[in-house]
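What follows is a short report on a single structure.
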Amino acid sequence: MFKSEELPLLQNIVIKCVRNISSAELNSLKKINIIYGRNGSGKTSVLEAINILGLARSFRTAKFNAVIKENEDFCMVHGTLTGRRERAIPVGVIRKRNKEFLIKIDGQKTSSIHLLAERIPIQILNSDTFQILEGGPIVRRKFLDWGVFHVEQEFNHYWRRLMRALKQRNEALRHAKIRRLDAVRLWDKEILTTSKVIDGIRENYFAVLEKNFSGINKRLIGDLDVEIEYFPGWDKRKGLEEHISEKLEIDLKRGFTSVGAHRATFDIKNGKNDAKLDLSRGQQKLAVASLVIAHGLAVNEMSGKHLLYLVDDLPAELDDINLSTLLLVLIELDFAQIFITCINVDTIISKLSIIDAVKLFHVKHGEVVETVAS
Ligand SMILES: Nc1ncnc2c1ncn2[C@@H]1O[C@H](COP(=O)(O)OP(=O)(O)OP(=O)(O)O)[C@@H](O)[C@H]1O
Ligand SMILES: [Mg+2]
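Here this note's numbering is used: position 5 in the sequence shown is 1103, and no number is missing along the way.
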């Protein structure tokens, strides 16, 4: 259970020139931080700033210049993290309009977003999270790999090797008529080796994710039989070697490699049916929330890491009882710090029992002001 005297992962954050926020400071952050205000006041922009601190990018747009405040040349987010033995670690990200960026971790400059991401694991629950259900297999593969990346350092190395091999093989597939088929086969071994390692890492992680998903899901939508099932990217009954050879003709026609760990994904089922077709909007939200929470539990269980949950517009789609249960489940995660946005703060506050672990911030026209529960 959460101990309110424990320092949260993110102790404070300074935001400059993100969307309509010229300058804001959110100090002495707590386990639960509620950011409230009217439409267009800047609530999602606060969450976006936290995401910039953890990943040097926005969760809303790939065109980063849209995030930088109008008429400004750069934006900046700075924060203090709690390190081991509660040592404070300063972290900062500056992104300019001309695409330059600067990351500083504990006083050291770095160009590695991975180093930043490793330290600040972030999970987001917003209207885009429905994509885990509604989107294609790639969305779910990327979602799964977030956890895999956080628990297994080797993963990135093998993933990069697989990507390089696929690039070369796909190139050779497209030119197979003029070159020789050997150029295609040359890369099969590397795809086999890396795919098998990646699959082993994913399988391990997925077992822990599945266990946690099932527990959380029972609490959130107990009356439904929602399950997740991992697919490695090839038919395991055949084996990858055989499957790659079997698909060679098709791959030559299409110009890309159709089996391997890059095609991994997972299915979300309600009984025998595809969950996205079967569940109501509220149930879908609870199912994706279960996945997002299970991810945090799995990462914490396997790596001991603490993480941040950014929950944009929590009350949307949920009735009072489901909102209370989801809040309770989130609060019980002793490794997680939670940032929740909402329009009406009372909808959340009335459902919280541990007020001393909660901090409130009111956002108005891009100004962020700390308030207290009335
Ligand atoms: N680059 C920018 N420069 C200045 N203002 C911007 C920029 N991009 C967006 N805005 C404005 O920032 C404001 C805050 O947007 P934000 O999405 O954070 O609001 P919100 O409080 O989350 O609103 P809602 O309740 O509707 O979700 C909006 O009024 C938007 O028009
Ligand atoms: Mg918003």
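Quick reminder that beta carbons are idealized off the backbone N, C-alpha and C, glycines included.
| Check | Outcome |
| --- | --- |
| Going by other Cβ atoms of all chains shown within 10 Å of its Cβ, with 16 needed for buried, is S1209 buried or exposed? | exposed |
| With 16 other CB atoms within 10 Å as the buried threshold, where does I1201 fall? | buried |
| Flag K1383 as yes when its Cβ comes closer than 7 Å to any non-hydrogen atom of ligand 2, and as no otherwise. | no |
| Out of K1462, L1425 and L1271, point me to the one whose CA is closest to S1388's CA. | L1425 |
| Alpha carbon to alpha carbon, what distance is there between I1296 and A1362? | 10 Å |
| Answer yes or no: the CB of T1227 versus the heavy atoms of ligand 2, is any distance below 7 Å? | no |
| Could you pull out every residue in the same chain whose Cβ sits closer than 7 Å to the Cβ of L1416, ignoring the five residues on either side in sequence? | G1380, K1383 and L1424 |
| Measure the CB-CB distance between V1144 and V1461 and report whether it falls below 8 Å. | yes |
| Straight-line CA distance for F1100 to C1173? | No answer about F1100 holds up, because its pLDDT of 41 lies below 50 and its placement is not dependable. |
| How would you write the range of the beta strand (DSSP E) that D1444 sits in, first residue to last? | Unbroken run through D1444 is the alpha helix (DSSP H), D1444 to I1447; no beta strand (DSSP E). |
| Grab the span of the beta strand (DSSP E) containing H1176 for me, first residue to last. | F1172 to T1180 |
| Where do the ends of the alpha helix (DSSP H) carrying F1311 lie? | D1286 to I1319 |
| Taking A1392 and I1314 to be in contact with their CB atoms under 8 Å, please state how far apart those CB atoms are, rounded to whole angstroms. | 5 Å |
| Under 7 Å from any heavy atom of ligand 2, does the C-beta of D1410 make it? | yes |
| How far does the beta strand (DSSP E) with P1106 in it reach, from first residue to last? | Per DSSP, P1106 belongs to no beta strand (DSSP E) and is neither H nor E. |
| Tell whether a beta-carbon distance below 8 Å holds between V1191 and A1154. | yes |
| Should Q1251 go down as buried or exposed, given a rule of 16 or more other Cβ atoms within 10 Å for buried? | exposed |
| Would you identify the three-state DSSP class for N1118, choosing helix, strand or coil? | coil |
| Taking 5 Å as the limit, tell me which residues put their C-beta closer than that to any heavy atom of ligand 1, in chain order. | R1117, N1118, N1137, G1138, S1139, G1140, K1141, T1142, S1143, K1167 and E1168 |
| According to DSSP, is K1457 part of a helix, a strand, or is it coil? | strand |
| In terms of DSSP beta bridges, what is N1131 paired with? | F1437 and K1457 |
| Under the rule that 16 or more other beta-carbon atoms within 10 Å means buried, what is A1471, buried or exposed? | exposed |
| Taking T1291 as the reference, which of R1262, L1318 and N1268 has the closest Cα? | R1262 |
| Roughly how far, in whole angstroms, is the beta-carbon of I1119 from the beta-carbon of G1140, given that I think they are within contact range, below 8 Å? | 5 Å |
| Does the distance between the C-beta of T1178 and the nearest non-hydrogen atom of ligand 2 fall short of 7 Å? | no |
| Determine the DSSP secondary structure at D1418, reduced to helix, strand or coil. | helix |
| With a CB to CB cut of under 6 Å and the five nearest residues on each side skipped, what residues in its chain are close to F1157? | N1149 and I1222 |
| For ligand 2, I want to know if T1439 counts as a neighbour, meaning its beta carbon is within less than 7 Å of at least one of the ligand's heavy atoms. | yes |
| When you compare only the Cα positions, how much space is there between S1241 and N1310? | Reading off the sequence shown, one finds Phe at residue 1241, where the question assumed Ser. Approximately 15 Å between the Cα atoms of the pair. |
| Decide if V1246 is buried, meaning its Cβ has at least 16 other Cβ atoms within 10 Å, or exposed. | buried |
| What is the residue span of the alpha helix (DSSP H) that T1142 lies within? | K1141 to L1153 |
| Starting from I1326 and walking both ways along the beta strand (DSSP E), at which residues does that stretch end? | V1324 to F1329 |
| Would you list, in sequence order, the uninterrupted alpha helix (DSSP H) runs of no fewer than 4 residues that lie entirely inside the region 1358-1420? | 1373-1376 and 1379-1401 |
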